[in-house]
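Residue numbers (the numbering used here): 345 to 476.
Below, the structure is given as structure tokens:
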């Protein structure tokens, strides 16, 4: 995701993952106007057979972003550990603070959400701003 957002130190992402990772990446990149190319990387004969059973005739085919994500898409991502794009979860005395990104293709918006999640129903501390 960060490779498609100006101001991060990422400009390109290359890796080996599964179909689930490709679908998530494609959905997020479509929201940002980015692109994606993917190719199967089978490591066993059984993976080639599974791909063919799933309808992939050419296991050397290069798939594009539209092969993984079509139609209207909403993507939400929350930082677990800190990176260039999102801050990781920060635990406070009675709460946790999260930094999330929510995007939509139909609405054409990208929103950053700073959330405080209280562990107890009744708060012992007031909500206060902390250095960001």
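Just so you know, even glycine gets a beta-carbon here, dropped at the ideal spot from N, CA and C.
- Contact between residue 348 and residue 368 is ruled out by a C-beta separation of about 13 Å, above the 8 Å threshold.
- The shortest C-alpha to C-alpha distance from residue 421 to any of 414, 379, 442 and 382 is the one to 442.
- Close CB contacts of residue 385 within its chain, under the 7 Å cut and outside five residues either way in sequence, are with 360 (chain order).
- Scanning its chain for C-beta atoms nearer than 7 Å, with the 5 sequence neighbours on each side dropped, one finds around residue 449 the residues 374, 375, 416 and 417, in chain order.
- Secondary structure note for residue 430: it is in no alpha helix (DSSP H), with a DSSP letter that is neither H nor E.
- Scanning the segment 350 to 425 from its first residue to its last, the whole alpha helix (DSSP H) runs of 4-plus residues come out as 363 to 376, 389 to 397 and 409 to 412.
- In the three-state reduction of the DSSP assignment, residue 464 falls in the coil class, being assigned neither a helical nor a strand state.
- Beta-bridge partners assigned by DSSP to residue 458: 443.
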